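Take the sequence shown: its position 48, counted from the start at 1, is 52 in the working numbering, and no numbers get skipped. Comments concern the structure below.
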Amino acid sequence: MNPLTNMRNVLKLSEHELQNPNGKSWHDMYRGSAWIFVAGFPYTLTEGDIICVFSQYGEIVNINLVRDSKTGKSKGFCFLCYEDQRSTVLAVDNLNGIKILDRSLRVDHVADYKPPKDNEKLDEETLRLYMEGCAPKAITKPNTEESRHSSKSVDIKKEKTKRSKSSKEKKSKKRRNSSD
């Protein structure tokens, strides 16, 4: 199917869904994937430009801008992964069909995204980013003796700062009273 026809069909689906809310959405088919497909953008856009546009609907954790293997230039499409799957619905509904630099974007869900297989050519850091993504990692609290000791030292430091703040407040009150 022609990409423009597909884009118009997605817009019609969204419009129909708004007019006839029946509880189920066509987006539910893609509930298990946080990946979207973006095509039709100018070849001059970089990963950073695309992230700037699409990050208004959620935190982007991974991007695969497809490039020509010989020249390294963008082919005009990419795959984006959001931290939260609900962001994909917002991006598809709101960014499908918009124009950037006189080119219409096509934005759609991706059911089963598979990372590129040409990993042999990548350096270690790029390969690690492909596999892990670039989202911040969740902070976990270890239950070891060291963490208990470090939390006690943090509590002591907090107590000291509270004491020093209260002594500073007392000194400033004395200065105000003496100046009056």
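Note that beta-carbon positions come from the ideal geometry of N, C-alpha and C, so glycine has one too. Everything numeric in this text was worked out from a predicted model, so none of it was measured.
Residue interval of the alpha helix (DSSP H) (run including Arg-35): Element bounds for Arg-35: n/a, residue is neither H nor E.
Other residues of its chain near His-31: CB distance less than 6 Å, five sequence neighbours each side excluded: Val-93
Proximal residues to Val-70 (C-beta, below 7 Å), its chain only, five neighbours per side dropped: Lys-79, Phe-81 and Cys-82
Does Gly-62 pass the burial test, meaning 16 or more other C-beta atoms within 10 Å, or should it be called exposed? buried
From the DSSP secondary-structure annotation, give me the bridge partner or partners of Arg-110. Ala-43
Using 7 Å as the threshold, is the C-beta distance between Asp-116 and Phe-41 below it? no
Taking the straight line between their C-alpha atoms, what separation do you get for Gly-193 and Asp-72? In the structure displayed, the chain extends from 5 to 184; residue 193 sits before or after that span and is not available.
Report the three-state DSSP secondary structure of Tyr-86 (helix, strand or coil). Of the three classes helix, strand and coil, the one that applies to Tyr-86 here is strand, per DSSP.
Which one of Val-96, Ile-104, Asp-127 and Thr-144 has the shortest CA to CA distance from Tyr-205? An answer regarding residue 205 cannot be provided, because it is not within the stretch 5 to 184 covered by the chain.
Please report the straight-line C-alpha distance between Asp-127 and Asn-24, rounded to a whole angstrom. Computed Cα separation, rounded: 50 Å.
Check whether the Cβ atoms of Arg-110 and Pro-46 lie closer than 7 Å to each other. Cβ distance not < 7 Å, so Arg-110 and Pro-46 don't count as in contact.
Residues of its chain near Ser-91, where Cβ-Cβ distance is below 7 Å and the 5 sequence neighbours each way are ignored: The beta carbon of Ser-91 sits closer than 7 Å to those of Tyr-61 and Gly-62, all from its chain and outside the five residues before and after it, given in chain order.
Report yes if the CB atom of Gly-76 is closer than 7 Å to the CB atom of Leu-15, and no otherwise. no
Under DSSP, the alpha helix (DSSP H) around Ile-102 begins and ends at which residues? No alpha helix (DSSP H) contains Ile-102, which DSSP labels as neither H nor E.
If I follow the unbroken beta strand (DSSP E) through Ile-64, where does it start and stop? For Ile-64, the enclosing beta strand (DSSP E) begins and ends at 64-71.
Going along the chain, which residues of its own chain have a beta-carbon closer than 6 Å to the beta-carbon of Thr-48, five neighbours each way excluded? none
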